[in-house]
Each structure stands twice: as structure tokens, then as C-alpha cells.
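Per this note's numbering, the very first residue in the sequence shown carries number 483; after that it's consecutive.
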Amino acid sequence: MDDIAVAVNTLTKTFKIPTEASNGIKQKTINYLKGKKGYREFTPLKDISFEIKKGEFFGIVGKNGSGKSTLLKSIAQIYTPTGGSVQVNGSLVPFIELGVGFNPELTGRENIFLNGALLGFSHKEMELMYDDIVEFSELADFMEEKLKNYSSGMQVRLAFSVAIKARGDILMLDEVLAVGDAAFQQKCFDYFEKVKRSGQTVVFVTHDMNAVRRFCSRAMYIESGRIKHIGSPQEIADLYTEINIETITKAEEESQDDSVEMIVDLPDKKSFTQKETLDIGVIVDGISEDLFVNISFVYGGFVFADRNCRDTPQHFIKNGREINFKQQLDCFNPGRYDIHISLHRRIDDGIVKHLPRAFSFVIKGKDKFRDGPMKLLGEWKLYEGR
483 MDDIAVAVNT
493 LTKTFKIPTE
503 ASNGIKQKTI
513 NYLKGKKGYR
523 EFTPLKDISF
533 EIKKGEFFGI
543 VGKNGSGKST
553 LLKSIAQIYT
563 PTGGSVQVNG
573 SLVPFIELGV
583 GFNPELTGRE
593 NIFLNGALLG
603 FSHKEMELMY
613 DDIVEFSELA
623 DFMEEKLKNY
633 SSGMQVRLAF
643 SVAIKARGDI
653 LMLDEVLAVG
663 DAAFQQKCFD
673 YFEKVKRSGQ
683 TVVFVTHDMN
693 AVRRFCSRAM
703 YIESGRIKHI
713 GSPQEIADLY
723 TEINIETITK
733 AEEESQDDSV
743 EMIVDLPDKK
753 SFTQKETLDI
763 GVIVDGISED
773 LFVNISFVYG
783 GFVFADRNCR
793 DTPQHFIKNG
803 REINFKQQLD
813 CFNPGRYDIH
823 ISLHRRIDDG
833 IVKHLPRAFS
843 FVIKGKDKFR
853 DGPMKLLGEW
863 KLYEGR
């Protein structure tokens, strides 16, 4: 057990959700005599067992409501297990619900010292760290402003900037990479790269599969309060993507028009270099109106280019026409990508036809961008005939 940071053994957590007002003695007595509990039981965690080794960057992923945050709070000893046990070997630093303990009537500066005290720092220690905290938060102009005048994003940035100063053996991170704008998020990424290199143990709850691949040494997928799979970051990211696509596809299939036929001409190979060009052709039959044909690029479980983005890969298409989309791959970072192709109406944006994972491919080469997987530079060409 010397190399184990966290050991979870048959952990079960059940909450009692009141079904009626039963605070008074009279109501409780009536419920007891009638054999009513006055509550229903909700069990977000069911017989979970796993171990996290010291020095691991361990990811926990799953859909909303799967039990991820409940598990993290159970490990952080915020929740007491209903059954089973959680053993933690070392001190914890929970990045959970950042900003708890902040006072909206105090200034940003005052809240830094308040939050630092809650983390166990002396006033003198906070004075020494103050300039670094303000610089990292990028909120120097707002330090004398009351916290109630901060936006929610500013408050979380301030809390995060204080929290990273905390001392501990095990970091508990719950979706903290959603903090701030792209530039500030990059600072957070740099910080977690530093943490990873230091060999500190990290437990990381997220929906960001890019972050799972980038930071985690191992990851776990939770579904309906149970462990579905524990494996490599790539395995878990692929599983997450597959399950999400299956869910979306099932919903979209119900609204598709079976009378419409979409024929897709795809490349013969599935591995490319950054010097090559991706070429996709689409022909549509059976439509009585002009439609949008949309190509979505998916990386790490997330659509990062679709019809709602600037310079998106979408175009109008008429019945019987062929349309061609070319994408130069020198604007992509290396990795595995999926392409979804769909037809949409102009007016209500309804889905007429959808081909999830119409094409999957791998790009080999060197990283070119730090802030995302690619910079989209696509080109459409509409043919007058087939």
C-alpha cells in the first residue's frame, strides 16, 4: 500500500430526498404510523472499487449525472460513504466548488487573504504570495473592487489563482479547466503541465477528452454510478466519444427523412500527413428545397468546427447536385479525427439526414498550435452537374 495514494473499496453513496414536508414532530409521527418514509433514496455511487497510485494523473469521465462529482467529494471527505470505504494516503487539496468561503462584501484583495487563511496560510505568507496571485488572475485593476461586482468568471479565476498556492500531496480537480477565456485557460494548462512533471498525484474530473489525452496517465469511465471501464487515456476518450455519438445518433435518427438519399465519396486511405489534402464529395437526391450540407470535425469527443462557427465547413446544395469539400491538413495538429456529415433545413435548422462518423482518419506530424487541435482553412466547390 506504500505506492497507493487513494484506495476506494466497494464505495456506495445514498442520499435521502424528501418527498413531502416532514420537519415537524406531528408530520413525522403521522408518516411513521402510516409506514411512510417521507423520502426517496437516490444512489449516485454503487459498489465502486479502484486504486490510484502515487504520482498518477487519474482522470474520471462520464455523462452529467453519472456520479463523477459525488465520487470526487467522497474522496475529498466532503461526503461520508453510505457503504464501503475511502482511504487517502496524504494531504488533499480539493479544487472543488472554487470560491467557497468568499465574502461578496469584501474586496478582491481582502478575499485573497480570507481564502488563503482558509487554506492554512498565515497573513505573512499571503503577503509574500499576493503579487503572484494577482498577476496569475489578471485582475490587478479590480483588487479594490467588492467581490459582488465581479462576474462569476472573475470570481472563479480569483479563487483558482489562490487555490494553486495550496500545499498538499493530492490535487482534486473538478472541471477547473473551464475557467476564464482561452488565454487564461492556456495558463491553467501550463500549470497542470508543471504539476504533471512534478509527479504530484492528481484526481481529475472532466468532460474534456483533449485534456484527458494531454494530462492523464490513466482514466476511468463512470456510467450510472458504476465503473464501466478503467484504461489508458486514449481508450477512455474513445469510449466517451463513442457513447456520446451513439446517444446523439439515436435521437437524430428519429427526425431524419428516409426519402432523402445522401451519397458520400470518401478518401481511400485513413492516414495522412500534414502536407496532404482531405477531399470529400457529397451528392443528394430526393430533396425539394435547397439544404445546408454540413461537415463537422470531431476531436477528443468535441465538435470544434460545425455550422455554428465562423469559416465553417458548410454550403447550400440543390437536388441532384454534387458538392466537394477540400481541407488542407497543414492546419491540423497530429491526432485522430472523426467527420460527421449532415443535411439541415435553412429555416428551422431541422436535421434531414445525418451520417455520424462518416469518416475517421489520423494525421501524423508535429504540433503546430497550442490553443486547439487546428485552424480551419477549408474550400467549397459546387458543381453544376454530376
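Even glycine gets a Cβ: it sits at the ideal position worked out from N, Cα and C. As the structure is a prediction and not an experimental result, all values here were calculated from the model.
Nearest-angstrom Cα separation, counted from residue j out to residue i
| i | j | result |
| --- | --- | --- |
| P759 | I718 | According to the sequence displayed, residue 759 carries Thr and not Pro. Going from the Cα of T759 to the Cα of I718 covers about 29 Å. |
| D767 | N815 | 35 Å |
| S680 | F539 | 11 Å |
| M636 | F642 | 10 Å |
| S824 | G763 | 13 Å |
| K751 | N726 | 25 Å |
| A645 | V490 | 25 Å |
| K808 | S556 | 49 Å |
| S634 | T755 | 42 Å |
| Y703 | H689 | 11 Å |
| F448 | E523 | Because the chain spans 483 through 868 in this model, residue 448 falls outside it and cannot be assessed. |
| Y561 | L527 | 12 Å |
| S619 | L640 | 6 Å |
| K628 | N593 | 9 Å |
| I615 | F603 | 13 Å |
| L515 | T501 | 17 Å |
| V780 | N631 | 38 Å |
| G817 | F532 | 29 Å |
Range of the contiguous beta strand (DSSP E) that encloses residue i
| i | result |
| --- | --- |
| M702 | 700-705 |
| Y781 | 773-781 |
| Y612 | Looking at the DSSP string, Y612 is not in any beta strand (DSSP E); the run it does join, the alpha helix (DSSP H), is 605-619. |
| V844 | 833-846 |
| G817 | 817-826 |
| N521 | According to the sequence as given, residue 521 is Tyr; it is not Asn. Start and end: 521-535. |
| V568 | 565-570 |
| G541 | 539-543 |
Local Cβ density within 10 Å of residue i, reported as buried at 16 or more and exposed below that
| i | result |
| --- | --- |
| N585 | exposed |
| T511 | exposed |
| P795 | Reliability of the predicted coordinates at P795 is poor, the pLDDT of 46 falling under 50, and no value is obtained from them. |
| I507 | exposed |
| I530 | buried |
| N692 | buried |
| F497 | exposed |
| H836 | buried |
| Q682 | buried |
Residue i in three-state terms, based on DSSP
| i | result |
| --- | --- |
| R803 | coil |
| N491 | strand |
| K863 | strand |
| S649 | Before going further, note that residue 649 is Arg rather than Ser in the sequence given. Three-state DSSP puts R649 in coil, outside helix and strand. |
| S548 | coil |
| V465 | Nothing in the structure corresponds to residue 465, since the chain is present only between 483 and 868. |
| F584 | coil |
| K628 | strand |
| I560 | coil |
Beta-ladder partner(s) of residue i, from DSSP
| i | result |
| --- | --- |
| L554 | Answer is none; L554 lacks a bridge partner. |
| V764 | V746, I805 |
| T759 | Q810 |
| T683 | I652 |
| G713 | A701 |
| V575 | L653 |
| L500 | Reading off the sequence, residue 500 comes out as Pro, not Leu. Answer by DSSP bridge pairing, in chain order: Y521. |
| F754 | I845 |
The alpha helix (DSSP H) enclosing residue i, as first and last residue numbers
| i | result |
| --- | --- |
| M654 | That residue, M654, is in no alpha helix (DSSP H); its beta strand (DSSP E) goes 652-656. |
| E592 | 590-600 |
| V694 | 691-697 |
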